[in-house]
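**Q**
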Amino acid sequence: MAAIGRGRSLKNLRIRGRNDSGEENVPLDLTREPSDNLREILQNVAKLQGVSNMRKLGHLNNFTKLLCDIGHSEDKLGFNYEDIIICLRLALLNEAKEVRAAGLRALRYLIQDSTILQKVLKLKVDYLIARCIDIQQSNEVERTQALRLVRKMITVNASLFPSSVANSLIAVGNDGLQERDRMVRACIAIICELALQNPEVVALRGGLNTILKNVIDCQLSRINEALITTILHLLNHPKTRQYVRADVELERILAPYTDFHYRHSPDTAEGQLKEDREARFLASKMGIIATFRSWAGIINLCKPGNSGIQSLIGVLCIPNMEIRRGLLEVLYDIFRLPLPVVTEEFIEALLSVDPGRFQDSWRLSDGFVAAEAKTILPHRARSRPDLMDNYLALVLSAFIRNGLLEGLVEVITNSDDHISVRATILLGELLHMANTILPHSHSHHLHCLPTLMNMAASFDIPKEKRL
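Going by my numbering, the sequence shown opens with residue 610, and the numbers climb by one from there.
#1: Can you tell me whether F869 is buried or exposed, with buried defined as 16 or more other CB within 10 angstroms of its CB?
#2: In this structure, how does DSSP classify K912 when only helix, strand and coil are distinguished?
#3: Is L1014 near L1058, with beta carbons less than 8 Å apart?
#4: Could you give the C-beta distance for P643 and L697, rounded to a whole number, given that I count them as a contact under 8 Å?
#5: Leaving aside the five residues before and after F770 along the sequence, list all residues of the same chain whose C-beta is less than 7 Å from its C-beta, in chain order.
#6: Here's the rule: buried if 16 or more other CB atoms are within 10 angstroms of the residue's CB, otherwise exposed. What is C754?
#7: Three-state secondary structure (DSSP) at T839?
#8: Classify M792 as helix, strand or coil using the three-state DSSP reduction.
#9: Give the range of the alpha helix (DSSP H) segment to which P928 is assigned.
#10: Within 10 Å of its beta-carbon, does E953 have 16 or more other beta-carbons around it, so buried, or fewer, so exposed?
#11: Are the CB atoms of G667 and V708 within a distance shorter than 8 Å?
#12: Could you check the C-alpha separation between H1049 and A1032 for me, to the nearest Å?
#13: CB-CB under 6 Å to I956, same chain, minus the five flanking residues each way: which ones, in chain order?
#14: Exposed or buried, which one is A855 when buried takes at least 16 other CB atoms within 10 Å?
#15: Does E1019 pass the burial test, meaning 16 or more other C-beta atoms within 10 Å, or should it be called exposed?
#16: Who are the near neighbours of I799 in its chain, counting only those whose CB is closer than 8 Å to its CB and skipping five residues on each side?
#17: Could you tell me the distance, in whole angstroms, from the CA atom of K822 to the CA atom of R831?
#18: Less than 8 Å between the C-beta atoms of I797 and I820, yes or no?
#19: What separation, rounded to the nearest whole angstrom, lies between the Cα atoms of L1039 and L936?
#20: Excluding five sequence neighbours on each side, which residues of the same chain lie with their C-beta closer than 7 Å to the C-beta of R623?
#21: Measuring CA to CA, which of M1042, S916, A739, S1006 is closest to R945?
#22: State the Cα-Cα distance for the pair D678 and E858, rounded to the nearest angstrom.
#23: Does DSSP put A855 in a helix, a strand or coil?
#24: Taking 8 Å as the cut-off, decide whether the C-beta atoms of S1024 and R933 are in contact.
#25: What does the alpha-carbon distance come out to for the pair S723 and N766?
#26: If we ignore side chains and look at the alpha-carbon of each, how far apart do G626 and R664 end up?
#27: From M997, D995, Q968, R993, pick the residue whose C-alpha is nearest to that of K983; which is it?
#28: Using the C-alpha atoms, what's the distance from F890 back to I1046?
#29: Which residue marks the beginning of the alpha helix (DSSP H) containing S772, and which one marks its end?
#30: When we look at the beta-carbon of F1036 and count the other beta-carbons within 10 Å, is it buried (16 or more) or exposed?
#31: Classify R752: buried if its beta carbon has 16 or more other beta carbons within 10 angstroms, exposed otherwise.
#32: What does a CB cutoff of less than 7 Å around I613 pick up in its chain, not counting 5 residues either side in sequence?
#33: Just to confirm the assignment, what range does the alpha helix (DSSP H) spanning A710 have?
#34: Near G782, what residues of its chain come up, given a Cβ to Cβ distance below 7 Å and the 5 sequence neighbours on each side ignored?
#35: Is the separation between the beta-carbon of L637 and that of K674 shorter than 8 Å?
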């Protein structure tokens, strides 16, 4: 029995000597001289033989504990930073992903200022970091630590950010969705963060193109808006505007509507084309709306010449019902108008957008009387200027100058009934809006729609169509 008891106690000691991750619990005596502790850690990490990977993992974790305890001081550590980085660099070459992850974590704790970051880059550690990012997807712990280290580098000094790591981030951002990489959104977020602080390295490596590609990939409104806002932020400032190619990059978000043969990925199966196209329409719609809700976006899409707004309005004249239906939804959202139900009955569609209709927000469990009054009754400050009206007036004027009203007339007269009904209601809403918020000099001639009047008065057109 005594032998059995001794065996159990030894077994328990061995179990207590390891964590659940397999790491050995290497003791760290913080009462010793920090230089002695660090010497022991670096010796064990740098040894090629005689030290197990799990023991190296324990020493690397002790390194972070030591740094947190004594702070960053070469005098206290007893070693210069270059020697420390050289030893930690060996951990990134280890065959065990846990050791590599611990090495990345140790470097993250070590890099506290630009001086240390410069030494890390001088010793070419950035290539090993890039390798850890662009490694097999199953190594999530290692890749997560690599991305956290990358964000630390941006925080410390984004102007020193290496192109080698930027290339790896952009590669994952470009192909990650097709490969179902779980790190793709994290990489895109880091690219956006880097683009705001060091746009040159992102632009030269094609990172802005990657951001715009992911705008068309993302159907989540908040993420989509964050991506497109990154590009708009660069366009908004003279120093960074040069990195966004004029008439090329921002117009990419219009492609699902303006390119009838648009295919986001050549690998999309024929049976999934319709579903994929609807997803691209939704993502493009979010991007277009977010763009038109910023001054930089309005100026760039509405500038004279072959602008994005002309491309959108020109598409209305092409008899493609799918594109027309999608583009009408975009226009309703841009002008902040409620979207009518899909129906061939004009009265039914009109009643569905009546401001006095019952709305879900009027329920007893929601806004009730207050919500109803807010919707129906005029605002008390109506006599004061409304900045939203100023914004809508600018956008409406730009669309009208580029032929939106004539484009809607074309949709009304040459489309399926349910599309024609939606276009008719939109035309009426825009004419009313123009009469309300545009100056008289800009709106007095808008009700003269020669194409519509000629068709209504022509005896060469069937009576049903004229009515």
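Ideal Cβ positions, reconstructed from N, Cα and C, are used throughout, including at glycine.
**A** So, from the data block:
#1: exposed
#2: coil
#3: yes
#4: With a Cβ gap of about 16 Å, P643 and L697 do not count as contacting.
#5: M762, I763, L803, N807, V810
#6: The sequence as given places Gln at residue 754; Cys does not occur at that position. Looking at its Cβ environment, which holds 16 or more other Cβ atoms inside 10 Å, Q754 is buried.
#7: helix
#8: coil
#9: No alpha helix (DSSP H) contains P928, which DSSP labels as neither H nor E.
#10: exposed
#11: no
#12: Cα to Cα, the separation comes out at about 24 Å.
#13: none
#14: exposed
#15: buried
#16: So the qualifying residues of the chain are L756, V759, R760, I763, L778.
#17: 16 Å
#18: yes
#19: 15 Å
#20: Summary for R623: the model assigns pLDDT 35, below 50, so the residue's position carries little reliability, and this model does not support an answer.
#21: M1042
#22: 49 Å
#23: coil
#24: In this structure, S1024 sits near R933, with a CB-CB distance shorter than 8 Å.
#25: Distance between the alpha carbons of S723 and N766: 6 Å.
#26: For G626, the predicted model reports a pLDDT of 44, less than 50, meaning its position is unreliable; a value from the coordinates is still stated below. If you take the alpha carbons of G626 and R664, they lie about 11 Å apart.
#27: Q968
#28: 30 Å
#29: 772–784
#30: Strictly speaking, residue 1036 in this sequence is Leu, with Phe absent from that position. With 16 or more other Cβ atoms within 10 Å, it is buried.
#31: buried
#32: Note on I613: pLDDT 44, under 50, position unreliable in the model; the coordinate value appears next. Hits under 7 Å: none found.
#33: 706–719
#34: Once the five neighbours on either side are set aside, the close Cβ partners of G782 are V793, C796, I797, I800, T819, N823.
#35: Yes; because the gap between Cβ atoms is below 8 Å, this pair is in contact.
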